[in-house]
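Residue numbers (the numbering used here), protein chains in the order written: chain A, 1 to 259; chain B, 1001 to 1259. By construction, the Cβ of each residue, glycine as well, lies at the ideal position given by its N, Cα and C atoms. Bear in mind that the values here come from a model prediction, so they are computed numbers and not experimental data. Shown next, in C-alpha cells, is the structure this report addresses.
Take a look at the structure:
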C-alpha cells in the first residue's frame, strides 16, 4: 500500500526573528496540502531575555551551558512566547494547530546528556517519539507545532537541538508515512562555492555526497549537518530538503537529499 | 442516562508560587479518579519578570493594563514556564497531561474587551469553548492543563481571568458531563466571620445565599465571586466547591455551592 506523505518542517531561529520572513513562510506553510508538522528553533530571543533578566549565559570551552535559570528562560521563550505566537498566527490564517513541548502527551522523551568532560546542564537527547499521540493530533486535522524542548521520564524539561527534534520525529513517523523533512535556514541549500549563494547543488545522494567530500567541495560546518540528513534517510525518511525561508514556494531553489 | 462526572479545578497564583503547596496539591490531583481538567492562574511570577525585563506595569485608576509588552510576558510566564512546568510535574507523577492556551486547537475563543472609559489592552472575555477538542483530549486519557490565555478569531492572544476560564469551560462541558467546579485559593471557603478562618459555611444554595447577603454576613469581595459561582450553577454546573490547597483531600473543610 502507498503510504501517505507527511511533511516535517523545521524553521530556524533567524527566520522567526524576522517578522516579514516568518509571515511569508507561514503563508506558504498553510498552503501545503496533507498532514504536516512544524518544529521551531529559538534564535536570539532567549539570549536577549536571559540578559535582561540579569542572568549570565554560562559558557565552558566555548560551549553554552543550560543551567536552571537558562532552562526557565528557554521554557518561557521557546515553549511559551514563540510557540504560542506561531500557533496564534496559524489560527489567524485558518490553519488549526496546537503548540507542544516534549512534556505534552509525553511526546518527546529524552535522556539528560551524560556528564563527561563538560556538564551541559539541562540538555537532552531524544530517546522516544510518541507517534501515537502525534497521529491523534494529525487525525484531528491539526498541525502539531513543536518547540525544541524534551522531557525525561522523570518529568524534567530539557533543552534539545531543534534539528534533532525534527529528524527524530521524521524518522519515527516514517513507520506509517512517506516522510519528507524540510530544513529552512538562511542558506538556499548545499553550495559548491561557499562564497556564491547561487551555487546550490540541486540533488545529493550518498554516492555523489562521498565524492564531494573526497574532493573537498563539502567541508566544515556542512559535514555534521549532512551526516544527520543521510542518517535520517538511512532510517526511513524519503527525502531531506534544505533551503531558505522561500523553500516551500513552487520552483524554489534548494538541495534535495535522497538515498 | 446518568452523565459521567467531570472535575474542573482552578488553582490560583499563590498556590503555584509555593512549591510545597503545589506539590501537595498535585499529589492529591493525580489521585482523583475520572476525567479532570486543570486551570491555573499566574501569581506574581509575571509581575516579577515584567519588572526584571525593565517593563513598567501600567495602571489606570488602580486597574492593571495589559499592553503589548505585558502580553508577551504573560505568554512567556503563564503559557510557557508555569504551564509546561505543571505538565512536566504531572508526567513525573505518571499522570498524562497536555498544556494548552486558548490558541491551541482554538479551544478558548474570546473577544477583546470593549474600550469604554478604560482601554484594558490585550484583555479578552471568552465567547466560545471548543468542547469537541477538549473531549478529544479527554478521550486520550490526558488532563488538559489550561493557562488563562485566550485567542480571538483573528489569532490575537489575550489575557483572561482565570476564574472565568474555569467557569466557562465548566459550563460548556456541562452539556455532556455532570461537572463539578473547584476553586482552590488561600481561603478554606466562604466564611461567616472574615476574622475567623474556621467559620467556613459548609453548604450554600441560592436561598440561604440571599439570606446571608441580606443579613450582611457575606459582603464585599466575596459578592462577585459568589455571583459567578451561582451563574455557573444556573448554567448547568452541578456544584461549585471553594477551598484551599487541601481542597481535594478526603474530609477537607470547604464550601459547597449547589442550586
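Cβ pair residue 4 (chain A), residue 182 (chain A) closer than 8 Å
Here residue 4 (chain A) corresponds to residue number 4 of the first chain, with the count starting at 1. Here residue 182 (chain A) corresponds to residue number 182 of the first chain, with the count starting at 1. No, the pair does not count as a contact, with Cβ atoms beyond the cut-off.
Determine, using beta carbons only, whether residue 1114 (chain B) comes closer than 8 Å to chain A.
On the second chain, position 114 is the one that residue 1114 (chain B) refers to. With 8 Å as the cut-off, residue 1114 (chain B) does not count as an interface residue toward chain A.
Through-space distance from residue 1161 (chain B) to residue 1151 (chain B), alpha-carbon basis
Translated into positions along the second chain, residue 1151 (chain B) becomes position 151. Translated into positions along the second chain, residue 1161 (chain B) becomes position 161. Each residue's Cα considered, the two are about 13 Å apart.
Leaving out five residues on either side along the sequence, give the residues of the same chain with a beta carbon under 7 Å from the beta carbon of residue 1022 (chain B).
Residue numbering aside, residue 1022 (chain B) sits at position 22 when the second chain is read from its first letter. The answer, listed in chain order, is 1015, 1016.
Partner residues on chain B for residue 151 (chain A), Cβ-Cβ distance less than 8 Å
Sequence index remark: in the first chain, residue 151 (chain A) carries index 151 (1-based). The answer, in chain order, is 1088, 1091.
Along the stretch 219 to 234 of chain A, where does the CB come closer than 9 Å to a CB of chain B? Name the residues.
none
Tell me whether residue 1144 (chain B) sits in a helix, a strand or coil according to DSSP, three-state version.
Numbered from its first residue, the second chain carries residue 1144 (chain B) at position 144. Residue state, collapsed to three classes: strand.
Best match in A:50, A:86, A:63 for proximity to residue 18 (chain A) [C-alpha to C-alpha]:
Counting from 1 along the first chain, the entry for residue 18 (chain A) is found at position 18. It is A:86.
How should residue 950 (chain B) be labelled, buried or exposed, when 16 other C-beta atoms within 10 angstroms of its C-beta is the threshold for buried?
The structure shown does not extend to residue 950 (chain B), since chain B spans only 1001 to 1259, so no value can be given for it.
Does any C-beta atom of chain A lie closer than 8 Å to the C-beta of residue 1053 (chain B)?
Taking the first residue of the second chain as position 1, residue 1053 (chain B) is located at position 53. At least one chain A Cβ lies under 8 Å of residue 1053 (chain B).
Quick test of the definition: if touching needs 3 or more C-beta pairs under 8 Å, does the stretch 73 to 90 of chain A touch the stretch 1071 to 1080 of chain B?
yes
Looking only at its chain, what residues have a beta carbon closer than 8 Å to the beta carbon of residue 155 (chain A), apart from the 5 residues adjacent to it on each side?
For the purposes of this step, residue 155 (chain A) is identified with residue 155 of the first chain, where counting begins at 1. Closer than 8 Å at Cβ, skipping near neighbours: 103.
Chain B contact residues for residue 46 (chain A), given Cβ-Cβ distances below 9 Å
Position 46 of the first chain holds residue 46 (chain A). Result: empty, since nearest Cβ-Cβ is about 10 Å, beyond 9 Å.
Less than 8 Å between the C-beta atoms of residue 93 (chain A) and residue 26 (chain A), yes or no?
For the purposes of this step, residue 93 (chain A) is identified with residue 93 of the first chain, where counting begins at 1. For the purposes of this step, residue 26 (chain A) is identified with residue 26 of the first chain, where counting begins at 1. Between residue 93 (chain A) and residue 26 (chain A), the C-beta gap is smaller than 8 Å, which places the two residues in contact.
Proximal residues to residue 1045 (chain B) (C-beta, below 6 Å), its chain only, five neighbours per side dropped:
Sequence index remark: in the second chain, residue 1045 (chain B) carries index 45 (1-based). The answer, listed in chain order, is 1077.
Measure from the C-beta of residue 143 (chain A) to each C-beta in chain B and report whether the shortest distance is under 8 Å.
For the purposes of this step, residue 143 (chain A) is taken as the residue at position 143 of the first chain. Taking Cβ atoms only, chain B never reaches closer than 8 Å to residue 143 (chain A), which makes this a no.
Using a threshold of 8 Å, state whether the C-beta atoms of residue 1243 (chain B) and residue 1188 (chain B) are closer than that.
For the purposes of this step, residue 1243 (chain B) is taken as the residue at position 243 of the second chain. For the purposes of this step, residue 1188 (chain B) is taken as the residue at position 188 of the second chain. Taking 8 Å as the Cβ cut-off, residue 1243 (chain B) and residue 1188 (chain B) qualify as a contacting pair.
CA-CA distance, residue 1210 (chain B) and residue 42 (chain A)?
As a working mapping, residue 1210 (chain B) is identified with position 210 in the second chain. As a working mapping, residue 42 (chain A) is identified with position 42 in the first chain. Spanning the two alpha carbons is a distance of roughly 54 Å.
May I have the straight-line CA-CA distance separating residue 51 (chain A) from residue 67 (chain A), to the nearest angstrom?
Residue 51 (chain A) sits at position 51 when you count from the first residue of the first chain. Residue 67 (chain A) sits at position 67 when you count from the first residue of the first chain. Their Cα atoms are separated by approximately 14 Å.
Beta bridge counterpart(s) of residue 1214 (chain B) as assigned by DSSP
Sequence index remark: in the second chain, residue 1214 (chain B) carries index 214 (1-based). Answer is none; residue 1214 (chain B) lacks a bridge partner.
Whose CA, out of A:224, A:134, A:212, lies closest to the CA of residue 7 (chain A)?
Taking the first chain and counting its residues from 1, one reaches residue 7 (chain A) at position 7. The option with the nearest alpha carbon to residue 7 (chain A) is A:134.
Distance between residue 1084 (chain B) and residue 1090 (chain B) (C-alpha atoms, nearest Å)
Residue mapping note: residue 1090 (chain B) aligns to position 90 of the second chain, counting from 1. Residue mapping note: residue 1084 (chain B) aligns to position 84 of the second chain, counting from 1. The alpha-carbon atoms of residue 1090 (chain B) and residue 1084 (chain B) are separated by roughly 10 Å.
Between B:1040, B:1121, B:1111, which lies nearest to residue 1166 (chain B) when the distance is taken from Cα to Cα?
Position 166 of the second chain holds residue 1166 (chain B). With distances taken between Cα atoms, residue 1166 (chain B) lies closest to B:1040.
Measure the beta-carbon distance from residue 109 (chain A) to residue 127 (chain A) and round it to whole angstroms, keeping in mind my assumption that it falls under 8 Å.
Start at 1 with the first residue of the first chain, and residue 109 (chain A) comes out as number 109. Start at 1 with the first residue of the first chain, and residue 127 (chain A) comes out as number 127. Correct: roughly 6 Å between the Cβ atoms.
Which residues mark the beginning and the end of the alpha helix (DSSP H) in which residue 1111 (chain B) is found?
Residue numbering aside, residue 1111 (chain B) sits at position 111 when the second chain is read from its first letter. First-last for residue 1111 (chain B): 1108 to 1112, but that is the beta strand (DSSP E), not the alpha helix (DSSP H).
Please report the straight-line C-alpha distance between residue 1205 (chain B) and residue 1235 (chain B), rounded to a whole angstrom.
As a working note, residue 1205 (chain B) is residue 205 in the second chain. As a working note, residue 1235 (chain B) is residue 235 in the second chain. Roughly 15 Å separates the two Cα atoms.
Residue 233 (chain A) beta carbon less than 8 Å from that of residue 256 (chain A)
What you label residue 256 (chain A) is simply residue 256 of the first chain in a count that begins at 1. What you label residue 233 (chain A) is simply residue 233 of the first chain in a count that begins at 1. For residue 256 (chain A) and residue 233 (chain A), no; Cβs fall outside 8 Å.
For chain A, is any of its Cβ atoms less than 8 Å away from the one on residue 1171 (chain B)?
On the second chain, position 171 is the one that residue 1171 (chain B) refers to. Not closer than 8 Å to any Cβ of chain A, the Cβ of residue 1171 (chain B) fails to qualify, so no.
Could you give the uninterrupted runs of the alpha helix (DSSP H) lying entirely in the stretch 209 to 254 of chain A, keeping only those of 4 residues or more?
222 to 234
Can you check whether the C-beta of residue 96 (chain A) is within less than 8 Å of a C-beta belonging to chain B?
Here residue 96 (chain A) is taken as the residue at index 96 of the first chain, counted from 1. Taking Cβ atoms only, chain B reaches closer than 8 Å to residue 96 (chain A), which makes this a yes.
Beta carbon proximity, residue 136 (chain A) to chain B, threshold 8 Å
Looking up residue 136 (chain A) in the first chain gives position 136. Closer than 8 Å: yes.
Span separating the alpha-carbon of residue 1264 (chain B) from that of residue 1107 (chain B)
Residue 1264 (chain B) cannot be examined here, being either before or after the span of chain B that is shown, 1001 to 1259.
Using the beta-carbon count (16 or more within 10 Å), is residue 1049 (chain B) buried or exposed?
Sequence index remark: in the second chain, residue 1049 (chain B) carries index 49 (1-based). Buried is the call here.
Report the neighbours of residue 1156 (chain B) on chain A: residues whose CB is nearer than 9 Å to its CB, in chain order.
Residue mapping note: residue 1156 (chain B) aligns to position 156 of the second chain, counting from 1. From the beta-carbon of residue 1156 (chain B), the residues of chain A found nearer than 9 Å are 88, 92.
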